[in-house]
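Student: Chains as they are written, first to last, in this note's numbering: chain A, 1 to 146; chain B, 147 to 554.
Glycine included, each C-beta is placed from N, C-alpha and C at the ideal position.
1) Express the C-alpha separation of residue 351 of chain B and residue 313 of chain B in angstroms, rounding to a whole number.
2) Is the Cβ of residue 240 of chain B closer than 8 Å to any Cβ of chain A?
3) Quick check: the Cα distance between residue 212 of chain B and residue 245 of chain B, rounded to an integer number of angstroms?
4) Under the three-state reduction of DSSP, which class applies to residue 71 of chain A: helix, strand or coil?
5) Would you please verify whether the beta carbon of residue 229 of chain B is less than 8 Å from any beta carbon of chain A?
6) Does the beta-carbon distance from residue 113 of chain A to residue 229 of chain B come in below 8 Å?
7) Given 7 Å as the limit, tell me if residue 417 of chain B has its C-beta closer than that to any heavy atom belonging to the ligand ZN.
8) For residue 79 of chain A, which residues in chain B fall below 7 Å Cβ to Cβ?
9) Can you tell me where the alpha helix (DSSP H) holding residue 555 of chain B begins and where it ends?
10) Which residue wins for smallest C-alpha separation from residue 52 of chain A, given the options B:324, B:430, B:387, B:476?
11) Going by alpha carbons, who is nearest to residue 321 of chain B out of B:389, B:223, B:276, B:372?
12) Residue 49 of chain A: which of A:58, A:38, A:59 sits nearest, CA to CA?
13) Buried or exposed: where does residue 355 of chain B fall if 16 or more other Cβ atoms within 10 Å of its Cβ makes it buried?
14) Please identify the residue among B:497, B:327, B:547, B:491 whose C-alpha is closest to the C-alpha of residue 426 of chain B.
15) Measuring CB atoms only, is the stretch 354-371 of chain B touching the stretch 169-188 of chain B, in the sense that at least three cross pairs come out at less than 8 Å?
16) Taking the alpha carbon of residue 459 of chain B as the point to measure from, which residue in B:210, B:413, B:236, B:506 has its own alpha carbon closest?
17) Quick one: residues in its chain with C-beta nearer than 8 Å to the C-beta of residue 59 of chain A, no 5 flanking neighbours on either side, listed in chain order?
18) Does DSSP put residue 579 of chain B in a helix, a strand or coil?
19) Less than 8 Å separating the beta-carbons of residue 552 of chain B and residue 544 of chain B?
20) What are the start and end residues of each continuous alpha helix (DSSP H) run of 4 or more residues lying completely inside the stretch 391-458 of chain B, in chain order?
21) So, is residue 128 of chain A buried or exposed, given that buried needs 16 or more other C-beta atoms within 10 angstroms?
22) From this set, B:403, B:390, B:386, which residue's C-alpha is nearest residue 397 of chain B's C-alpha?
23) Report buried or exposed for residue 470 of chain B, applying the criterion of at least 16 other Cβ atoms within 10 angstroms of its Cβ.
24) Nearest-angstrom Cα distance between residue 333 of chain B and residue 95 of chain A?
25) In terms of residue numbering, what span does the alpha helix (DSSP H) encompassing residue 548 of chain B cover?
26) Residue 499 of chain B: which of B:191, B:388, B:482, B:370 sits nearest, CA to CA?
27) Does the beta carbon of residue 127 of chain A sit closer than 8 Å to a beta carbon anywhere in chain B?
28) For a test of the three-state rule: what should DSSP assign to residue 222 of chain B, helix, strand or coil?
29) Against chain B, does residue 15 of chain A count as a neighbour if the rule is that its beta carbon must be under 8 Å from one of theirs?
30) In chain A, which residues lie less than 9 Å from residue 511 of chain B when you measure between Cβ atoms?
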């Protein structure tokens, strides 16, 4: 669907900006400059206003992400389910360091609580969320993404 | 004693009739047919219900301010942007009994005179948002939502707004900012949202669990509700037990219960997992205080207690855990989620996170020790909103409890 078609689903009121931003970021993975400009024109807002909203939220990206991001939950509940051991396991498997940008294909990060505490530890790769991950089984999950 | 969870096993969340069979929407009918809005507000005031989001403000008083504010338009928002670490109680209510929230929301909107109600749900709760959407559609078909509810002159429209993944949007003014399509940064208070909120109109923001209590209060009367639980904070609360405790999950208990009972009573936590020894507990999510073994007998209430209840989550940590992992977890969380509006919080959480990383890697710098003290003081005393104070709580407690050990 073209940008215009997606935008036409929303009434051009400023309060619909975040909804439109989310909708566009969903289909295209990240918001490009031309999309931000289209949103700004459609809602009659300065481009900076659109960028300021889009860059604030976790679920919207304004830059193309070249690497695959692996996120491990570090909330208290997942932590007591050995999520740090999972981190160490991934570090060893991929020869990567937590938070370090040196690996050409992957980046390993900690993430904030997703409310999956009863089904933790949680692991997120791209759009996929894995629950009840164990240090012993995490290798198998990662192997699918190599 | 259970109020919220009592009917959960008998309810099909996708079918409104199963909720109506459990006396659902009776309170809404009673409110709209028999009670003027003022009477509902005073009923909630009599109940002494406090907001279940964390701050524990008296719900009745909040409603009264909004009801008294003259305005052509008012808004009523249900805050379901749950993202406190270790907390998933609102998600559970939405999954098990969404109509409980919708009914509470409708009664609230009627009481303050709001024509528009919004459920602000965490952007990552996609399944739960679908359940709520179905619930709203079913309620609309039964004439509980829309124009002329149940044949009266009351109009209330309900819509769902999905967030986009920001912890700070659980703060009411940041939540309002993000609905308006801006960055989710908190506003200066006062004016409070009940006077000047969404689009500058009088707005109530209530936690989903608070609203889930409303139908019960209207059905049974505020006086009766105020006798349940502790005298300063009546009612029951959903507690979330996680960590090294044997029975993990959500438990409903009367306010005024002690952490000791929640963790060790077989009705709730049932003690620690086999072979594990209690070290400390964190009460109230990532922003919560640390409670050592000797202090577990303090009753959990709102307002006057030493250990604030916060979101109601209780994380039990046993002696095999590494405190440095937790320090990194707390510092990392607040660094990621700081909105960046004020310098002390943006920089403070960032530097604290850097120090936590160095500590986890086993090479802290000599100056880190005094810097931590400085950063924690600044976070606790100078930030724009309470977020900074939250960021400092667990760290300050850890330093008090473990002293120099954590820097080695």
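Tutor: On the basis of the coordinates in this document:
1) The residue given as residue 313 of chain B occupies position 167 in the second chain. The residue given as residue 351 of chain B occupies position 205 in the second chain. Here the C-alpha atom of residue 313 of chain B lies approximately 16 Å from the C-alpha atom of residue 351 of chain B.
2) For the purposes of this step, residue 240 of chain B is taken as the residue at position 94 of the second chain. No, its Cβ sits nowhere closer than 8 Å to a Cβ of chain A.
3) The sequence position of residue 212 of chain B within the second chain is 66, counting from 1. The sequence position of residue 245 of chain B within the second chain is 99, counting from 1. Approximately 24 Å, taken between the alpha carbons.
4) Taking the first residue of the first chain as 1, we reach residue 71 of chain A at position 71. Note: residue 71 of chain A maps to strand in three-state DSSP.
5) For the purposes of this step, residue 229 of chain B is taken as residue 83 along the second chain, with counting starting at 1. Taking Cβ atoms only, chain A reaches closer than 8 Å to residue 229 of chain B, which makes this a yes.
6) By one-based count along the first chain, residue 113 of chain A stands at place 113. By one-based count along the second chain, residue 229 of chain B stands at place 83. The Cβ atoms of residue 113 of chain A and residue 229 of chain B lie closer than 8 Å to each other.
7) Although the ligand ZN was asked about, the structure shown includes no ligands whatsoever.
8) Within the first chain, residue 79 of chain A is the residue found at index 79, counting from 1. In chain order: 471, 472, 475.
9) Since the displayed chain B opens at 147 and closes at 554, residue 555 of chain B lies outside it and no answer follows.
10) For this step, residue 52 of chain A is matched to residue 52 along the first chain. For the set B:324, B:430, B:387, B:476, the Cα lying nearest the Cα of residue 52 of chain A is the one of B:324.
11) In the second chain, the residue the question calls residue 321 of chain B occupies position 175. The shortest C-alpha separation from residue 321 of chain B is found at B:223.
12) Walking along the first chain from the start, residue 49 of chain A turns up at place 49. Nearest C-alpha to residue 49 of chain A: A:38.
13) Working through the second chain from its first residue, we reach residue 355 of chain B at position 209. Buried, by the Cβ-count rule.
14) In the second chain, residue 426 of chain B corresponds to position 280, counting from 1. Here the closest residue by C-alpha is B:547.
15) In short, these stretches touch, since the Cβ pair count reaches three.
16) Counting from one through the second chain, the residue named residue 459 of chain B turns up at place 313. The candidate whose alpha carbon is nearest that of residue 459 of chain B is B:236.
17) For this step, residue 59 of chain A is matched to residue 59 along the first chain. Only 22, 25 meet the Cβ criterion.
18) Outside the displayed range of chain B (147 to 554) lies residue 579 of chain B, so it cannot be described from this structure.
19) The residue given as residue 552 of chain B occupies position 406 in the second chain. The residue given as residue 544 of chain B occupies position 398 in the second chain. Yes; because the gap between Cβ atoms is below 8 Å, this pair is in contact.
20) Restricted to the stretch 391-458 of chain B, the alpha helix (DSSP H) segments that are unbroken, complete and at least 4 residues in length are 405-410, listed in chain order.
21) Within the first chain, the letter at position 128 stands for residue 128 of chain A. Per the 10 Å Cβ criterion, exposed.
22) Along the second chain, read from residue 1 onward, the residue named residue 397 of chain B stands at position 251. In terms of CA proximity to residue 397 of chain B, B:386 leads the group B:403, B:390, B:386.
23) Residue 470 of chain B sits at position 324 when you count from the first residue of the second chain. Counting Cβ neighbours within 10 Å, residue 470 of chain B comes out buried, since at least 16 surround it.
24) For the purposes of this step, residue 333 of chain B is taken as residue 187 along the second chain, with counting starting at 1. For the purposes of this step, residue 95 of chain A is taken as residue 95 along the first chain, with counting starting at 1. Straight-line measurement puts the Cα of residue 95 of chain A at about 44 Å from the Cα of residue 333 of chain B.
25) For the purposes of this step, residue 548 of chain B is taken as the residue at position 402 of the second chain. Element bounds for residue 548 of chain B: 533-548.
26) As a working mapping, residue 499 of chain B is identified with position 353 in the second chain. A check of alpha carbon separations from residue 499 of chain B across B:191, B:388, B:482, B:370 identifies B:482 as the nearest.
27) Taking the first chain and counting its residues from 1, one reaches residue 127 of chain A at position 127. Cβ-Cβ to chain B under 8 Å: no for residue 127 of chain A.
28) Against the second chain, residue 222 of chain B aligns to sequence position 76. The DSSP-derived three-state label of residue 222 of chain B is strand.
29) Reading the first chain from its first residue, position 15 is the one you call residue 15 of chain A. Closer than 8 Å to some Cβ of chain B, the Cβ of residue 15 of chain A qualifies, so yes.
30) Taking the second chain and counting its residues from 1, one reaches residue 511 of chain B at position 365. Ordered by position in chain A, no residue passes the 9 Å Cβ test against residue 511 of chain B, which lies about 18 Å from the chain.
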